[in-house]
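A.B. asks: A single structure is presented below for examination.
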Amino acid sequence: MTNVEIARIFSEIADILEIKEENPFKVRAYRKVTQLLESLPQEIEEIYKKGELYKLPGVGQSIAEKITEIIETGRLKYHQKLKEGVPPGLLEMLRIPDMGPKTVALVYKKLGISTLKELEKAAREKKLRNVYGLGPKTEENILKGMKLVKERKERIPLHEALVLAEDIVKKLQEAGIVERIAYCGSVRRRRETIGDVDILATSPHPARVMDIFTSLPRVEEVLAKGSTKSSILVGEGRQVDLRVVEQESFGAALHYFTGSKAHNIRIRELGVRKGLKINEYGVFVKKGEKEERIGGREEEDIFQSVGLPYIPPELREDWGEVEAAQRGELPRLVRMEEIKGDLHIHTMWSDGANTVREVAIAAREKGYEYIGISDHSQSLKVAGGVSKDSFFQRIREIRAVDEEMPEIKVLAGTEVDILPDGTLDYPDEFLRELDVVIASVHSNFKQEEESMTKRIMKAMENPFVDIIGHPTGRLLGEREAYRINMEKLLHHAAKTGTAMEINAYPDRMDLKDTHVRMAKDMGVKLVIGTDAHHLLQLEWIKYGVWVARRGWLESKDVLNTLDFPDFFTRLKKRS
DNA sequence: GCCGTTTTCGGCCCGACTGTTTTCAGTCG
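The numbering used here numbers the first residue of the first sequence as 197 and each following residue consecutively.
Now the structure itself:
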């Protein structure tokens, strides 16, 4: 049973308890463990085997016993018993916006409605308004919400959300009446997928900002419009929230709207213990009857008030960053400017759009010290893989460009296919001629976990393979990762000295953040590469750096932050 | 249900907007 599957059980327990109007703090305890499981950087089963469940924050005796029961028996009696008491349709109703546990329980008790169909029918026939507390507007919103649930993509990849967020920020800036403005939420935390986009601004004319925001050309519907907060729907049911606050509150609001929710709760709890109240308007201390603001203009004020150093947004997931900050052990996260080279670049020799020379010039302008030209290998016909016949010709061209440009080291590389049996798509006599070898899986994605894991482990054993490219093969929103045992893979990477790639291609972001953190903890070498197929895509390195930062990496964990000679020495296994 | 340099019991983050009310509960983030 995976973490996510176990999380779903606890989430359902929380939903049911809420509908049954159980103790809200009990509900919160189950929600908390759900979040914990969804973002845990390792399998809960491993922690269970070590007998360390009780060490997890938010896991006490009762929940530890429940996790144990699920792992040992594959089910949870408590959960099944709860489910018997509640029609499954009620849980589905909770997914409709504006339908919370109270409303669900209300229509169930008063009208006996227990399925989505019955709910839709009652709303259409205007029967909901007969219930005290519900009205015509509620009927309308429920019908709208049901439509939305059907149409809406759950989450969109970071790069799509980033384009949206940056565009709206720009439009509001162009209106000329905002002072400070920033996007917040999971976009700012650089999560790989995004639900809603959150934007924060200060302005002397909040009402006018709201008018402009709610009448932007891309607005499909205005969900809410107030004096300080508005929400709109744009394409594909994507929601964008805007908050406007006073300048003196900007930092507090930025922290609050950046989240994560779990992180915010931790910080506010620390505040409570110090006798402080922290909200989106600032940090306040009680002075007799009055409250006095002691900070909030800058985000740093919030952390300072609870005695912590600044925690970068990418770490704010309650994955242990608060504890690390308290111990003074926050990582010094790797920064974009520290990247010295990009090893994963395609050219016209395979399916790239530019020549080796064009790529080298672009990389030199970017200030890189070295790049690796890593075209596809012979079997990958769809991507114009380099045949054995042109293999050496390509190397000669790369060497020539390298000679021509003393400011940048241009390495002859390849992205060689790992064939289904784990052998490589070029013989060793060919690979030994190259400076850098990335090995990747591009075929037979549907192998069983064991054979896929062995396949990649075998590739790692080849002495010429330096890096495993996009190690899980996922395409965000398109293709699932192939089935592999990541823990085994990382162990083998550490053992063989093979580096794992953080592929920065925005649809990949592969390894992902939790795997990166696992890799770091296991002493695996990591390399960030763009997989660029066009020189403009060299800019995508930032997505890889963000993943690295979310995986707690420092520059010393990332090989391509090193100067060339050091980088090259560390990369090669046998040196 | 969890948790403890104020506590093993009594707390548990905080506020905006909407809809249905006539002062507020529910939902959301």
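Don't be surprised by glycine CBs; every beta carbon is placed ideally from N, CA and C.
#1: Using only the alpha-carbon positions, how far apart do D407 and S423 sit?
#2: Just curious, the beta strand (DSSP E) that N699 is in, first and last residue?
#3: Pull up the distance between the alpha-carbon of I202 and that of I263, whole angstroms please.
#4: Helix or strand or just coil, what does DSSP make of G391?
#5: Alpha carbon to alpha carbon, how far is K684 from H542? Give it in angstroms, no decimals.
#6: From this set, D621, S235 and E674, which residue's C-alpha is nearest E350's C-alpha?
#7: Since E513 and L529 should fall inside the 8 Å C-beta cutoff, what is the C-beta to C-beta distance between them, to a whole number of angstroms?
#8: Can you name the start and end residues of the beta strand (DSSP E) that E417 belongs to?
#9: For the region 685-749, which segments carrying the beta strand (DSSP E) assignment without a break, of at least 3 residues, lie completely within its bounds, in sequence order?
#10: In terms of residue numbering, what span does the beta strand (DSSP E) encompassing E487 cover?
#11: Who pairs with S647 in a beta bridge, going by DSSP?
#12: With DSSP as the reference, label L213 as helix, strand or coil.
#13: Alpha carbon to alpha carbon, how far is T454 from F764? Give it in angstroms, no decimals.
#14: How long is the line joining the alpha carbons of N337 and T299, rounded to whole angstroms?
#15: Counting along the chain, where does the alpha helix (DSSP H) carrying N460 start and finish?
#16: So, with DSSP's three-state summary, where would you put N219?
#17: Hey, would you say A319 sits closer than 8 Å to L307, going by beta carbons?
#18: Could you spell out the range, first to last residue, of the beta strand (DSSP E) harbouring S772?
#19: On the three-state DSSP scale, how would you describe L671?
#20: Just to confirm, are S570 and I652 a CB contact at a threshold of 8 Å?
#21: Between which residues of its own chain and T551 is the CB-CB distance below 7 Å, once the five residues before and five after are set aside?
#22: Leaving out the 5 sequence neighbours to the left and right, which residues in its chain are closer than 6 Å to V637 when beta-carbon positions are compared?
#23: Smallest Cα separation from E356: which of K691, N658 and P702?
#24: Taking buried to mean at least 16 other C-beta atoms within 10 Å of its own C-beta, is M656 buried or exposed?
#25: Between the Cα of D211 and the Cα atoms of H275, N199 and Q238, which residue gives the shortest distance?
#26: Taking 8 Å as the threshold, find out whether the region 212-222 comes into contact with the region 243-258 through three or more Cβ pairs.
#27: Suppose contacts are defined by Cβ-Cβ distances below 8 Å. Is A538 in contact with T726 by that definition?
C.D. replies: Reading it off the structure:
#1: 10 Å
#2: A695 to N699
#3: 8 Å
#4: coil
#5: 30 Å
#6: E674
#7: Wrong, their Cβ atoms sit about 13 Å apart, outside the cutoff.
#8: E417 to K421
#9: 695-699 and 722-725
#10: K486 to G491
#11: S647 is not bridged to any residue.
#12: helix
#13: 38 Å
#14: 13 Å
#15: K457 to R469
#16: coil
#17: no
#18: Because the chain here runs from 197 to 771, residue 772 falls outside it and cannot be looked at.
#19: strand
#20: no
#21: T543 and M544
#22: I614 and G669
#23: P702
#24: buried
#25: H275
#26: no
#27: Looking at the sequence shown, residue 538 is not Ala but Asp. Yes. Within cutoff.
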